[in-house]
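Heads up, the thing below is written out as structure tokens.
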Amino acid sequence: MATKEKTLDDLFLETLKDIYHAEKQILRGLTKMAKATKTPELAQAFETHRDETDGQVQRLEQVFEILGKRPQAKPCEAIQGLIAEAAEVMDEFKGTNALDAGLLSAAQAVEHYEISRYGTLKAWAGQLGMKDAVDLFDQTLKEEKKTDQLLNQLAERSLNKKAA
Numbered sequence: 029m030a031t032k033e034k035t036l037d038d039l040f041l042e043t044l045k046d047i048y049h050a051e052k053q054i055l056r057g058l059t060k061m062a063k064a065t066k067t068p069e070l071a072q073a074f075e076t077h078r079d080e081t082d083g084q085v086q087r088l089e090q091v092f093e094i095l096g097k098r099p100q101a102k103p104c105e106a107i108q109g110l111i112a113e114a115a116e117v118m119d120e121f122k123g124t125n126a127l128d129a130g131l132l133s134a135a136q137a138v139e140h141y142e143i144s145r146y147g148t149l150k151a152w153a154g155q156l157g158m159k160d161a162v163d164l165f166d167q168t169l170k171e172e173k174k175t176d177q178l179l180n181q182l183a184e185r186s187l188n189k190k191a192a
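Per this note's numbering, the sequence shown starts with residue 29, numbered consecutively.
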């Protein structure tokens, strides 16, 4: 019996499941990071992004609905690794001036992963003629880029100097 040829539709669905799992993991990670930081501005950035992430999860559920599928997560090893790195930073740098710079760096690694994934999903949705999904991914992509810019500003304005 021949195996079915995999298509962009299949790849799209698998990647959607992957980022759905990632966002749910990120929600937990942001809560821990917000509690660990000693910088109110960074804690606020993590809390704000946690709220945005709730909306991003809802948008992903809308994309599943567009596909006629129930939302389903597939373990995202990349995000699990990035979250594990953040946990290491929290353990190894607890109580030091470098903690918040490390937390911010870990958060940016997550943002860059998300920007990459959402950019890819948006392009694939366009290729597959899923205009509503393109719009949903575009909203999320804008939020991720905005968060990345905010984190850059915090790093450059104060956290990197404090860590030095």
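For every residue, glycine included, the Cβ atom is placed at its ideal position computed from N, Cα and C.
Bear in mind the structure is a predicted one, so any value in this text is a computation, not a measurement.
Might you give, ordered along the chain, the residues of its own chain that have their beta carbon closer than 6 Å to the beta carbon of residue i, omitting 5 neighbours on each side?
i	result
D82	none
Q100	K45
K190	N125
T222	Residue numbering for the chain in the displayed model covers 29 to 192; residue 222 lies beyond these limits and cannot be assessed.
I'd like the list of long-range same chain contacts for residue i, defined as Cβ closer than 7 Å, with 5 residues on each side in sequence excluded.
i	result
Q136	D176, L179
K52	V85, A101
Q90	L164
I94	M158, D160, A161
G154	V162
In whole angstroms, what separates the C-alpha of residue i from that of residue j?
i	j	result
A161	C104	21 Å
T76	A114	18 Å
F92	E142	18 Å
V117	A71	16 Å
N188	A134	13 Å
K32	I47	24 Å
M61	K34	39 Å
A73	A129	13 Å
I111	I54	8 Å
T148	T65	32 Å
Given a cut-off of 8 Å on the beta-carbon distance, is the pair residue i and residue j in contact?
i	j	result
E172	E139	yes
T43	R145	yes
L156	D37	yes
T59	R78	yes
L182	L132	yes
A192	I107	no
Quick one: residues in its chain with C-beta nearer than 8 Å to the C-beta of residue i, no 5 flanking neighbours on either side, listed in chain order?
i	result
D166	K150
R98	F92
Could you tell me whether any Cβ in chain D is nearer than 8 Å to the Cβ of residue i?
i	result
S144	No chain D is present in this structure, which holds just one protein chain.
*Entirely within the stretch 66-150 and at least 4 residues each: give me those alpha helix (DSSP H) ranges in chain order.*
Within the stretch 66-150, the complete alpha helix (DSSP H) runs of at least 4 residues are 68-95, 105-120.
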